[in-house]
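Participant: Just so we're aligned: 83 in my numbering is position 81 of the sequence shown, and the numbers increase by one with no gaps anywhere. The C-beta atom is built at its ideal place from N, Cα and C for all residues, glycine as well. Pasting a structure below so you can have a look.
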Amino acid sequence: DPVSWATAETWAPDVIRRCLEIGWAEDTLLNVNFPDRAPDDVRGIRATRQGRREIGEELIERIDPRGDPYIWVGALRGADRHHDGTDVAAVNDGFVSITPIHLDMTHDQGLERLRRLDRG
């Protein structure tokens, strides 16, 4: 199905304006998702946590806009873990979701465990 951009075109200016008013740390990325419905059918905006989709095993070879090949792992659509408070749940429920994401994705507890291996 073709993507309808009307919802993003309608809602994005207000979402961007509101997010800029808040102010963010330099290393923060905002992940904004719009539901696949008409702009007037959107139920509002939700601040969310990052959800997780089940990743398929399908490998799809594609070409990017520069003509370079890449491999897409898994399918975009499919079963998801529908947990309250996540971006996946909000979008499925008809809301625009906004998730603040740190660019440093280090798993701090895992790093502490690995430091036991440090030598020298």
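For the putative contact between V44 and L61, defined by C-beta atoms under 8 Å, what is the C-beta separation to the nearest angstrom?
Facilitator: 34 Å between Cβ atoms; not a contact.
Participant: Should G53 and H85 be called a contact, given that it needs their Cβ atoms to be closer than 9 Å?
Facilitator: Contact: yes.
Participant: Quick one: is A8 buried, meaning 16 or more other Cβ sit within 10 Å of its Cβ, or exposed?
Facilitator: Label assigned to A8: exposed.
Participant: By how many angstroms is the C-alpha of H104 removed from the C-alpha of A27?
Facilitator: Using only the alpha carbons, I get a separation of about 9 Å.
Participant: Which runs of the beta strand (DSSP E) at least 3 residues long sit entirely within the stretch 33-111? Give them in chain order.
Facilitator: Runs found: 46-49, 61-65, 71-75 and 97-104.
Participant: Can you check whether the CB of T101 is closer than 9 Å to the CB of R39?
Facilitator: In this structure, T101 does not lie closer than 9 Å to R39 by Cβ.
Participant: What residue range is occupied by the uninterrupted alpha helix (DSSP H) comprising D16?
Facilitator: Taken as a continuous stretch (DSSP letters only), the alpha helix (DSSP H) holding D16 covers A8 to I24.
Participant: So, for N94: in the same chain, excluding its five sequence neighbours on each side, which residues have a beta-carbon less than 6 Å away from its beta-carbon?
Facilitator: So the list is empty, once near-sequence residues are dropped.
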